[in-house]
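Enquirer: Here you go, one structure.
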Amino acid sequence: MGFGRLIRAGLACAALAGLVACDTVANWPTKQAPKSSARPELRPDRPKAPAPAPAPVAAPSAESRALAEYYKRVENDLVARGLLRVDGGGIDTPYSEVDVIRNFERIAFYDEYARGGGLQRSDGSPSRLKRWTGPIRIKTEFGALVPPSQRSADNAEVARYAARLARVTGHPISTTSGADANFHVFFVSEDDRASMPARIRQIVPNINPTAMALFRELPRSIHCFVIAFSTSNEGYNYAHAIALIRAEHPSLLRRSCIHEEIAQGLGLANDSPRARPSIFNDDDEFALLTTHDEELLRMLYNPRLRPGMSLDEARPIYSGLASRQLGQAL
């Protein structure tokens with residue numbers, strides 16, 4: 149899927165601000181009445197007060213409504229052309245061991261964008277293997293103008309997807325609503341984005357200006373993106389990530405952004421025109437993670453591969469992994 153973008157940024161020894169979960173209700177103990185042997189006085193039941201109505205969500209601005217209409221047209225056009233498939237691939241999209249090896253190399257060892265350069269294209273030279281070594285805890289956050297029904301749908305999709313990624317990779321990946329989150333997924337409208345910089349600085353206090361500019365001024369052509377941060381200057385061991393998904397997207401585009409941005413934030417940073425069936429391809433044929441993409445993630449999180457490995461170091465290992473994985477799948 150060609151709408152998402154992964155941008156890498158170094159974060160050497162950054163202090164991460166603690167987060168507080170929302171919508172938590174404390175269970176306070178109730179004061180007990182003293183015991184008495186006297187017969188209690190019978191009183192008629194009092195009618196219960198009606199529950200307070202939820203606070204109304206402010207109406208979106210004309211700019212936000214125009215974006216929503218535009219992205220709906222984009223989705224309708226892609227679907228009408230047979231794109232944004234959700235079937236994960238089939239008999240029309242076969243792939244071989246050679247395909248998986250070639251695609252893993254291109255997607256895992258090359259970057260679409262220069263490290264620390266925002267949307268500046270990389271020079272095309274191979275990088276080193278990048279991924280997480282510690283547990284990944286995903287938290288969703290929503291702009292004030294995102295309606296409750298959309299929040300519920302997006303939360304459910306992220307939770308299902310996190311569970312699937314954990315099964316595929318064998319890596320601890322879960323969702324959280326607490327202060328232990330290290331992968332933040334923001335769903336925000338155009339009207340919410342003015343408040344984003346302050347929130348981003350709470351999470352990553354020393355974020356560089358180039359990365360911050362993406363949260364302020366996002367081109368319409370960028371539907372969603374993820375920035376991955378490392379705890380060292382080398383930038384190969386991910387420790388934190390922030391994804392932004394436009395709330396104006398219709399449901400399928402939002403789901404596609406969830407799938408691509410979280411998967412790219414795991415370490416598959418690039419796209420390839422030869423990857424098929426795959427979301428790591430700019431042709432937008434597939435909206436959701438495919439069986440081919442699962443093979444790439446299994447390889448990436450195999451313990452024999454380590455962050456910082458060069459292409460030459462890793463090639464004999466992932467070539468053997470692809471052979472075994474596809475042999476077991478047949």
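Numbers given in this note's numbering equal positions in the sequence shown, counted from 1, plus 148. Each residue gets a CB set at the ideal place from its N, CA and C atoms; glycine is no exception. Quantities reported herein were computed from a predicted structural model and do not represent experimental measurements.
So Leu459 and Glu253 are in contact, right, with Cβ under 8 Å, and what is the actual spacing, rounded?
Expert: The Cβ separation is near 7 Å, so the contact holds.
Enquirer: Roughly how far, in whole angstroms, is the beta-carbon of Leu277 from the beta-carbon of Phe257, given that I think they are within contact range, below 8 Å?
Expert: Going by Cβ atoms, the distance from Leu277 to Phe257 rounds to 7 Å, so yes, they are a contact pair.
Enquirer: Note down the Cα distance separating Ile239 from Arg349, rounded to an integer number of angstroms.
Expert: Straight-line Cα distance between these residues: approximately 47 Å.
Enquirer: Alpha carbon to alpha carbon, what distance is there between Tyr386 and Ala417?
Expert: When rounded, the distance between both Cα atoms is 12 Å.
Enquirer: So within the region 290-364, which uninterrupted beta strand (DSSP E) runs reach at least 3 residues, ignoring any that extend past its ends?
Expert: If we require 3 residues or more, the beta strand (DSSP E) runs fully inside the region 290-364 come out as 321-323, 331-336.
Enquirer: Would you call the region 351-360 and the region 307-315 touching, i.e. three or more CB-CB distances under 8 Å?
Expert: The region 351-360 vs the region 307-315: no contact.
Enquirer: Taking just the CA atoms, how far does Glu211 sit from Gly468?
Expert: If you take the alpha carbons of Gly468 and Glu211, they lie about 51 Å apart.
Enquirer: With H, G and I counted as helix, E and B as strand and the rest as coil, what does DSSP make of Ser273?
Expert: Three-state DSSP puts Ser273 in coil, outside helix and strand.
Enquirer: Determine the direct distance from the alpha carbon of Phe434 to that of Ser404, and round the result to whole angstroms.
Expert: Distance between the alpha carbons of Ser404 and Phe434 is about 8 Å.
Enquirer: Sort Pro425, Leu448, His407, Gly413 by Cα distance to Ala470 and report the nearest one.
Expert: Considering only alpha carbons, the answer is Leu448.
Enquirer: Under 7 Å, do Gly282 and Tyr384 count as touching if we go by C-beta distance?
Expert: Their beta carbons are not under 7 Å apart, which means Gly282 does not touch Tyr384 by this criterion.
Enquirer: State buried or exposed for Ala304, treating a residue as buried only when at least 16 other CB atoms are found within 10 Å of its CB.
Expert: So Ala304 counts as exposed.
Enquirer: Indicate the three-state DSSP secondary structure (helix, strand or coil) for Leu400 in the structure shown.
Expert: Of the three classes helix, strand and coil, the one that applies to Leu400 here is helix, per DSSP.
Enquirer: Quick check: what's the CA-CA separation for Thr241 versus Arg424?
Expert: Using only the alpha carbons, I get a separation of about 7 Å.
Enquirer: According to DSSP, is Asn418 part of a helix, a strand, or is it coil?
Expert: Here Asn418 sits in coil by DSSP.
Enquirer: Candidates Asp430, Thr439, His319, Pro398: which alpha carbon is nearest Arg279's?
Expert: Ranking the options by Cα distance to Arg279, first place goes to His319.
Enquirer: Tell me the DSSP secondary structure of Arg463 in three-state form.
Expert: DSSP places Arg463 in helix when its eight states are reduced to three.
Enquirer: If you follow the alpha helix (DSSP H) that Ile249 is in, where does it begin and where does it stop?
Expert: 245-257 is the extent of the alpha helix (DSSP H) around Ile249.
Enquirer: Please name the residue, chosen from Arg299, Leu366, Tyr218, Ile249, that lies closest to Ala462 on a Cα-to-Cα basis.
Expert: It is Ile249 whose Cα lies nearest to the Cα of Ala462.
Enquirer: Below 8 Å CB to CB, which residues in the same chain sit around Val227 once its five sequence neighbours on both sides are set aside?
Expert: Cβ neighbours of Val227 beyond the five flanking positions: Leu400.
Enquirer: Within the continuous alpha helix (DSSP H) that includes Asn224, where are the two ends?
Expert: 210-228 is the span of the alpha helix (DSSP H), which, as asked, contains Asn224.
Enquirer: For Arg299, collect the residues of the same chain with a Cβ closer than 6 Å to its Cβ; drop the 5 residues on either side in sequence, then sort them by chain order.
Expert: Closer than 6 Å at the Cβ level, and outside the excluded window around Arg299, lie Phe290.
Enquirer: Round the Cβ separation of Thr324 and Ile286 to the nearest angstrom and send it over; I've been treating them as touching at under 8 Å.
Expert: That belief holds up - the Cβ atoms of Thr324 and Ile286 are roughly 7 Å apart, short of 8 Å.
Enquirer: Compare the beta carbon distance of Asp430 and Asp419 with 7 Å and say whether it is the shorter of the two.
Expert: Contact: yes.
Enquirer: Going by DSSP in three states, Ile286 sits in which element: helix, strand or coil?
Expert: Correct three-state label for Ile286: strand.
Enquirer: Can you tell me which of the three DSSP states Leu453 falls into?
Expert: Coil, per DSSP.
Enquirer: Taking the alpha helix (DSSP H) that Arg394 falls in, what are its first and last residues?
Expert: Per DSSP, Arg394 belongs to no alpha helix (DSSP H); it is in the beta strand (DSSP E), 385-394.
Enquirer: Since Ile375 is in the beta strand (DSSP E), which residue starts that stretch and which ends it?
Expert: Segment 372-378, the beta strand (DSSP E) holding Ile375.
Enquirer: Starting from Leu445 and walking both ways along the alpha helix (DSSP H), at which residues does that stretch end?
Expert: Leu445 -> alpha helix (DSSP H) spans 439-448.
Enquirer: Leaving aside the five residues before and after Tyr466 along the sequence, list all residues of the same chain whose C-beta is less than 6 Å from its C-beta, in chain order.
Expert: Once the five neighbours on either side are set aside, the close Cβ partners of Tyr466 are Phe252, Met447.
Enquirer: Suppose you measure from the CA of Glu408 to the CA of Phe428; what does that come to, to the nearest Å?
Expert: Glu408 and Phe428: Cα-Cα distance of roughly 8 Å.
Enquirer: Comparing the CB of Leu474 with every heavy atom of the ligand ATP, is any distance shorter than 6 Å?
Expert: Absence of the ligand ATP from the depicted structure is noted, as is the absence of any ligand whatsoever, leaving it without description.
Enquirer: Which one or two residues does DSSP pair with Phe434 in a beta bridge?
Expert: Paired residues: Arg233.
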